[in-house]
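Encoded as structure tokens, the structure appears first; notes follow it.
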Amino acid sequence: ATLAMMMVARGLALVISQTQSIKIKNPDYMALATGTLIPHVANAALIFVLLTILATFLMNKTLLGRYALAIGSNEEATRLSGVNVRLWKIIIYVVAGVFMAIGAVLYSARLGLVQPAEGVGMELNVIAAAVIGGTSLSGGRASIPGALVGALIMETLKKGLIMMSIAQDYQYVVTGIAILLAVAVDNIRRARENAA
1 ATLAMMMVAR GLALVISQTQ SIKIKNPDYM ALATGTLIPH VANAALIFVL LTILATFLMN
61 KTLLGRYALA IGSNEEATRL SGVNVRLWKI IIYVVAGVFM AIGAVLYSAR LGLVQPAEGV
121 GMELNVIAAA VIGGTSLSGG RASIPGALVG ALIMETLKKG LIMMSIAQDY QYVVTGIAIL
181 LAVAVDNIRR ARENAA
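Taking UniProt numbering, the leading residue of the sequence shown gets 1, the next gets one more, and so forth.
Now the structure itself:
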């Protein structure tokens, strides 16, 4: 259902925009990302740090984080323990959606335009960053700071490939190999935990 909804949303974005990029002309909107409340610190960086702190708090200190890990690890066991899994999944998706919406606003404010096909293929990079940062694909383990480190590694890899003038075709190959390695490491880690 998630992938199907993603395709529907992407299709609607193309239909509504008539496949045209939308230029942002409002300087106040663009200042959300490029302005500076603190001298020499872009608002986007400040908001990013605040959201990272908030996400870490939500993940480690609230029922939201505890139930997200439990549902991701074993949905049926979580349901049998008396947790309203359906309600908590909705809450988790809403919170994730709010974080993504803030990210999208900052991204578009920084670029000064919105493209209907923006972000296509980014989902695999996000999964790779999370796994590199220690999140388990089988659920039960996640770390916001770890995912941040994973994202920095993925972005460093991407920028390094660009700086070495490697063709975009090969960049996809290298990124794909990085994702495969991340998944392989996660599988090995999971096998060791199950054996112990």
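No residue lacks a Cβ here, since even glycine has one placed at the ideal position from N, Cα and C.
| Item | Value |
| --- | --- |
| At least three beta-carbon pairs within less than 8 angstroms, the region 95 to 111 to the region 40 to 54 | yes |
| Buried/exposed call for Asn-26, threshold 16 Cβ in 10 Å | exposed |
| Closest Cα partner of Ile-102 within the set Gly-160, Ala-55, Val-8 and Lys-158 | Ala-55 |
| Bridge partners - Leu-51, DSSP secondary structure assignment | Per DSSP, none; premise fails for Leu-51. |
| N-terminal and C-terminal residue of the alpha helix (DSSP H) that Val-120 is part of | Careful: Val-120 lies outside any alpha helix (DSSP H) and carries neither H nor E. |
| Contiguous alpha helix (DSSP H) assignments of at least 4 residues, all confined to the region 115 to 175 | 122 to 132 and 144 to 163 |
| Rounded straight-line distance, which links the Cα of Ala-9 to that of Ala-70 | 29 angstroms |
| Option nearest Asn-125 by Cα separation, candidates Ile-53, Gly-150 and Gly-146 | Gly-150 |
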